[in-house]
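Working notes for the structure below.
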Amino acid sequence: MKTFNIKPVVVLALAALLLAACSAGTGSAGAAESDKVNVTVSILPEKYFVERIGADFVNVNVMVGPGDSPHTYEPKSEQMTALSHSALYFAIGVDFEQAWMERIAAANPDMQIVDVSADIDKITMVAHHHHESEAGPDDETVEEEQGGLDPHVWTSPENVKVIAQSIYQALAETDPAHQADYQANLDNFLADIDQLESDIRTNLDGISSKNFIVFHPAWGYFARDFELEQIPIEIEGSEPSAQELAELIDEAEEEGVKVIFGSPAFSTRTAEYIAQEVNGQVILIDPLAENWLENLREVSKTFGEALNN
Ligand code: ZN
-16 MKTFNIKPVV
-6 VLALAALLLA
4 ACSAGTGSAG
14 AAESDKVNVT
24 VSILPEKYFV
34 ERIGADFVNV
44 NVMVGPGDSP
54 HTYEPKSEQM
64 TALSHSALYF
74 AIGVDFEQAW
84 MERIAAANPD
94 MQIVDVSADI
104 DKITMVAHHH
114 HESEAGPDDE
124 TVEEEQGGLD
134 PHVWTSPENV
144 KVIAQSIYQA
154 LAETDPAHQA
164 DYQANLDNFL
174 ADIDQLESDI
184 RTNLDGISSK
194 NFIVFHPAWG
204 YFARDFELEQ
214 IPIEIEGSEP
224 SAQELAELID
234 EAEEEGVKVI
244 FGSPAFSTRT
254 AEYIAQEVNG
264 QVILIDPLAE
274 NWLENLREVS
284 KTFGEALNN
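The opening position of the sequence shown corresponds to residue -16 in our numbering, with each subsequent residue numbered one higher.
Listed below in structure tokens is the structure:
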């Protein structure tokens, strides 16, 4: 009976010793919490980028959490207060920043604000996609009215290389003591992006159609990089009219589209309707997943399968 009672105590004591050894180990290897560079970012993929380059030397806060939309987000008052601890804010050009940037800047005048999308050539969004499928081959026209600039820059690996450079520059200037670490981490990240691009091309190799229908048009830069065509259901944040919906269904039938893409932050009602009309299905893809690298790899696999019929 006695040994039976003692055993768990010994195990617990050993576990406590191990835990103490482990935390002492990480404490001495990494930077102390107070020495870290505090960074705030707008969206989750940026958290991934900053952590890839800053690693143990940064602490990253995110404004727009899982399931929230960067188009309409309103920062919580705790988040605004927490900005007083940040040395850097990495903006990326999403809608809520425009409405909030003055207040974000005022919350901490010492915080440096860097727009990581500043060096990226933005593409214009298609405001209206009109496809006259009823007309004869000579009269067939595709009209595209131009909308505003597309803010979803991070769905392009090429753009993320530019973003990574901006993040590296700002971290190296803010914390020059770790410049060599940031440089090495940047080089690793850029190599991973090259590998990602090659994997995406492999995953898209042999697709039979380049056109994909998606509810929220977050994949314009991805489409540009990999020679796909994004056909949005939602136009400038609004549901399509009955006529536009009918045209989308015609187009889907004409192109043999069987997959309609949705995203977790938006309603899938309209996507489900179109999918039902063409005997297809809705698949969710998330442009805002935190593990950006793995997510793009998975999304490209999904595209490769969906566009192969
Ligand atoms: Zn969006």
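Each residue gets a CB set at the ideal place from its N, CA and C atoms; glycine is no exception.
What's the gap between the Cα of residue i and the Cα of residue j?
{"i": "A289", "j": "L228", "result": "21 Å"}
{"i": "S192", "j": "Q62", "result": "44 Å"}
{"i": "P151", "j": "L169", "result": "Inspection of the sequence shows that residue 151 is occupied by Tyr rather than by Pro. Roughly 7 Å separates the two Cα atoms."}
{"i": "G10", "j": "T185", "result": "Residue placement at G10 cannot be trusted, given a pLDDT of 41 that sits under 50; what the coordinates show is reported in the next sentence. So the alpha carbons of these two residues sit roughly 42 Å apart."}
{"i": "E252", "j": "I196", "result": "The sequence shown places Arg at residue 252, rather than the Glu named in the question. If you take the alpha carbons of R252 and I196, they lie about 14 Å apart."}
{"i": "A272", "j": "E34", "result": "14 Å"}
{"i": "S250", "j": "A88", "result": "33 Å"}
{"i": "A15", "j": "L173", "result": "27 Å"}
{"i": "F367", "j": "N142", "result": "Lying before the first or after the last residue shown, residue 367 is absent from the chain, which here runs from -16 to 292."}
{"i": "P49", "j": "D175", "result": "24 Å"}
{"i": "Y165", "j": "E260", "result": "51 Å"}
{"i": "F32", "j": "S149", "result": "11 Å"}
{"i": "V145", "j": "E237", "result": "38 Å"}
{"i": "N262", "j": "E230", "result": "16 Å"}
{"i": "G189", "j": "R86", "result": "49 Å"}
{"i": "T64", "j": "A167", "result": "33 Å"}
{"i": "K105", "j": "S181", "result": "23 Å"}
{"i": "R207", "j": "Q226", "result": "27 Å"}
{"i": "I298", "j": "N194", "result": "Look at the range of the chain in this structure, -16 to 292, and you will see that residue 298 is not part of it."}
{"i": "V99", "j": "S60", "result": "24 Å"}
{"i": "S30", "j": "N44", "result": "Here residue 30 is Lys; the residue named in the question, Ser, does not match the sequence. Rounded to whole angstroms, K30 to N44 spans 7 Å at the Cα level."}
So, for residue i: in the same chain, excluding its five sequence neighbours on each side, which residues have a beta-carbon less than 8 Å away from its beta-carbon?
{"i": "L187", "result": "F209, L211, S283, F286, G287 and L290"}
{"i": "F79", "result": "S25, M46, V47, P53, H54, T55, Y56, E57 and P58"}
{"i": "L179", "result": "P140, L276, L279 and R280"}
{"i": "V20", "result": "G37, F40, V41, N42, A70, L71, L154, T157 and D158"}
{"i": "D93", "result": "A70"}
{"i": "T107", "result": "Q129, G130, G131, L132 and D133"}
{"i": "Q264", "result": "K241, V242, I243 and A258"}
{"i": "N171", "result": "R35"}
{"i": "M84", "result": "A74 and I96"}
Are residue i and residue j closer than 9 Å when you measure CB to CB?
{"i": "A296", "j": "L66", "result": "Outside the shown range of the chain, which is -16 to 292, sits residue 296, and nothing can be said about it."}
{"i": "F198", "j": "A235", "result": "no"}
{"i": "A147", "j": "V97", "result": "no"}
{"i": "I257", "j": "I232", "result": "yes"}
{"i": "T23", "j": "F73", "result": "yes"}
{"i": "P223", "j": "V109", "result": "no"}
{"i": "A248", "j": "D102", "result": "no"}
{"i": "G220", "j": "Q213", "result": "no"}
{"i": "P215", "j": "S246", "result": "no"}
Enumerate in chain order the residues of its own chain whose CB-to-CB distance from residue i is below 6 Å, with the five nearest sequence positions on each side excluded.
{"i": "H161", "result": "F40"}
{"i": "H68", "result": "N21"}
{"i": "P28", "result": "W137 and W275"}
{"i": "G119", "result": "Reliability fails at G119, whose pLDDT of 44 lies under 50, so the model's placement of it is uncertain and no value is given."}
{"i": "Q95", "result": "L71"}
{"i": "D177", "result": "none"}
Where does the unbroken beta strand (DSSP E) through residue i begin, and where does it stop?
{"i": "A147", "result": "Where A147 is concerned, there is no enclosing beta strand (DSSP E), although the alpha helix (DSSP H) it sits in stretches over P140 to T157."}
{"i": "Y56", "result": "No beta strand (DSSP E) holds Y56; DSSP gives it neither H nor E."}
{"i": "M279", "result": "Checking the sequence, you will find Leu at residue 279 rather than Met. Segment W275 to A289 is the alpha helix (DSSP H) holding L279; no beta strand (DSSP E) there."}
{"i": "D269", "result": "Unbroken run through D269: none, as it is neither H nor E."}
{"i": "D98", "result": "Q95 to D98"}
{"i": "L71", "result": "L71 to A74"}
{"i": "N21", "result": "V20 to V24"}
In terms of residue numbering, what span does the alpha helix (DSSP H) encompassing residue i cover?
{"i": "I196", "result": "That residue, I196, is in no alpha helix (DSSP H); its beta strand (DSSP E) goes N194 to V197."}
{"i": "F40", "result": "Run containing F40: none; DSSP gives neither H nor E here."}
{"i": "E80", "result": "D78 to A90"}
{"i": "A14", "result": "Careful: A14 lies outside any alpha helix (DSSP H) and carries neither H nor E."}
Ignore the nearest five residues each way along the sequence and tell me which others in residue i's own chain have a CB closer than 7 Å to its CB.
{"i": "I266", "result": "V242, F244, T285 and A289"}
{"i": "P134", "result": "G76, V77 and D78"}
{"i": "L2", "result": "Any answer about L2 is weak, because its pLDDT of 47 lies below 50 and its placement is not dependable; what the coordinates show is given next. Contacts found: none."}
{"i": "D18", "result": "none"}
{"i": "I268", "result": "F244, S246, V282 and T285"}
{"i": "A163", "result": "none"}
Residue ranges of each alpha helix (DSSP H) run of no fewer than 4 residues wholly in the stretch 205 to 258, ordered along the chain? Listed in chain order, the complete alpha helix (DSSP H) runs (minimum 4 residues) inside the stretch 205 to 258 are 225 to 238.
Going residue by residue through the stretch 167 to 195, where are the continuous alpha helix (DSSP H) segments of at least 4 residues, counting only ones entirely within it? For the stretch 167 to 195, not one full-length alpha helix (DSSP H) segment reaches 4 residues or more.
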